[in-house]
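For the sequence shown, full-length UniProt numbering begins at 1 and goes up steadily by one. C-beta: ideal position from N, C-alpha, C; glycine also. In what follows, a structure is listed as structure tokens, so that the remarks can point back to it.
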Amino acid sequence: MRVKNFLRETLYGKILLTMILTATVTILSIIGLQEAVLKKSYIELEEELSLKNLNRLTQAIERDASYIGRLLLDWSIWDDTYDFVLTGNREYIESNLSIDSLYNISLNFMFFYNRGGDLIWGEFYDFDKWEKVPCGGFSTTFIQQRDLLFNGDEDYSRSGLIDTAMGLLFMAAGPVFKSDRSGPAEGTLIIGKLIDERFIEKMKEVVQGEFSLYSENREDILWELNRSEQSYLMEKDENRILLYKAIEDLEGRKTLVVESRTERNIWQYGQRVTSIFITFILLLIILFTVIILILIRVIYINPLHKITLFLQSWKKESGSPVSLDMNRVDEIGTLSRGINSFSNELRELATTDSLTGLNNRHLMDTLMPGIWNIMSRDRSEITIILMDIDYFKKYNDTYGHQAGDRCLKEVGAILKSSIRRSSDMVIRYGGEEFLLILPATPISGGLMIANKIQERLEKKSLEHKSSEIYRRVTMSLGISSGFPNSDNNLDQLIEQADSALYESKEAGRNRITLYRE
């Protein structure tokens, strides 16, 4: 609550709040700029990098498929292979088909078939375990269903990816010829390479990211790719970008999906840089705010606080007017001089009844303590006259409030003309009540002034046809007097005068009553 009041009710708090709001808008603007411009640029860079990774991946797959195709030509168009298919030469096996030999050319398997489609020799090697593995997945039925054996077309060959029980493979198949490509073709050579961990790690180095190859359970992606006008499909979240692309299998169908996963390092790095920049700007704003607030405090707030204290002390001041001592040539100096110029006028207005021009109760409360002390010290008598216009409410009801105001002014003028000394005070005490304070005056002197007031009021002859005692405005008066000391005060004398005024009203009004104990 204190903080809320400070921010809402003080100039310093409002300036502080303004600077906080300015800093907030600045930070939000930077963040908005980041979102609107930088983020877009970062995202475009990330997407471009992801597409490059996807292209590198597909190109690497195509290179490996092409490599398998070239190996097939090297081995299938060779006199030794041609002779092996015809004769089953064991020396060929020992020289060329050992696990070391296939490892060196990055092939996991080779299968040789004669012209009739019978398997002459075939092995599948697991290079991780460095051993042969069963190759039941390459049954005659599997081979025939995929039309891999030589069918009489000497230009026939197949190469590409294929999904098998052993996993995804690069595979190539073609007829066996002599080295000079003469024939006839005497059989079929099928070679292949397993997509294993070694291949995956090698591809990661090329792609600079994670990837996967799917041959099943990605029908949704294949469906989206077939609908898309682009050759790829993109998905992304806060941490990475996923790109999908369909590639053809050994049979020329797009049944395989390549998935490339690229971490969003650029955007994350951009966020870190922006966070550091925002923190730096925030610290600068805090430092700038502290410096500005100190300057504002010294240059503006302290002088304004001085003016505030002056106005507060002026409100409580009971002596003569004081001035605001502030020698400045700026707007605050102009303000201080204006305050000094108006202070005396305001003091006068604060102690004068605006309607009658008489003194008001505020002036009495302000000056009387000092006067009372002086009279107590000098043992001087003071006389109080409290008076009230008779039947003034009926006067207002009959003639209206504007006429009533004019009547009050006329009565006030009579009272002011009835006293001569500057020490005497005529006070508008209430609505139609007036009070005369006559310092150093005995009660007999007060009675003389009261009689003078009634005479002048009668001579003025202000019409009052609603009065119950006389057709002219009259007044009832009560007089009290005493010697100021520590045992009495002004309020007691006023109460006594009020009591005498009450007796005047009870006795028929339009008369003067002296207070008697």
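Taking DSSP as the reference, what is the three-state secondary structure of residue i?
i	result
G508	coil
P134	coil
R158	strand
I77	strand
I20	helix
T164	strand
L169	strand
E251	coil
L71	helix
D64	helix
I105	coil
M326	coil
T10	coil
S318	Because the pLDDT of S318 is 49, which lies under 50, any placement of that residue in the model is unreliable, and the question is left without a value.
S228	coil
D365	helix
R218	coil
F277	helix
R146	coil
L33	helix
L49	helix
residue 519	Given that the chain is displayed from residue 1 to residue 517, the structure contains no residue 519 and the question cannot be resolved.
N89	coil
S95	helix
Can you name the residues that DSSP bridges to residue i?
i	result
F112	W121 and L189
V258	L213 and K245
N359	T352 and I427
G174	L189
K202	For K202, which the question treats as bridged, DSSP gives no partner whatsoever.
E235	L242
L194	L169
E263	R240
D126	E131
With burial defined as no fewer than 16 other Cβ atoms inside 10 Å of the residue's Cβ, what is the status of residue i: buried or exposed?
i	result
M448	exposed
H464	buried
T356	buried
K14	exposed
Y269	exposed
Q402	exposed
Y395	buried
D390	buried
S320	At S320, the pLDDT of 47 sits below 50, so the modelled position is not reliable; the number obtained from the coordinates is stated separately. By the neighbour-count rule (16 or more Cβ atoms within 10 Å), S320 is not buried but exposed.
L324	buried
G333	exposed
L213	buried
G32	exposed
residue 530	The structure shown has nothing for residue 530, since the chain only spans 1 to 517.
R428	buried
L57	buried
Q145	exposed
Q312	exposed
G192	buried
A507	exposed
A165	exposed
D397	exposed
S231	exposed
Figure out for me which residue from the options has the closest Cα to the Cα of residue i.
i	options	result
T188	L148, R253 and D79	L148
V257	K236, L222, L284 and V273	L222
L21	N302, T289 and L335	T289
S41	Q271, R218 and E248	Q271
Y515	G482, A172 and S260	G482
L28	F142, S275 and C135	S275
E123	N96, Q145 and Q144	N96
L71	S106, R253, R420 and V133	S106
R377	R146, A172 and A440	A440
L225	E259, L161, L415 and K193	E259
L169	S499, D196 and R146	D196
S467	S66, I479, E94 and R509	R509
L283	L17, T18 and T24	T24
R218	I247, T308, R456 and K236	I247
F411	F277, K452 and S179	Per the sequence shown, residue 411 should be read as Val rather than Phe. Closest by alpha carbon: K452.
P175	I371, K236 and F111	F111
E331	P303, I285, T308 and T351	P303
K52	T262, I77 and W121	T262
Y125	Y103, F142, L119 and G116	Y103
For residue i and chain C, any beta-carbon pair shorter than 9 Å?
i	result
E331	Among the chains in the structure shown there is no chain C, since it carries only a single protein chain.
Say yes only if the C-beta of residue i is nearer than 8 Å to one or more non-hydrogen atoms of the ligand GTP, and no if none qualify.
i	result
I93	Ligands displayed in this structure: none; no statement on the ligand GTP is therefore possible.
Inset, instruction - Note down, one range per segment and in chain order, each alpha helix (DSSP H) of at least 4 residues found wholly within the UniProt domain "GGDEF" (380-517). - result: Here the runs fully enclosed are 392-399, 401-417, 443-460 and 490-506.
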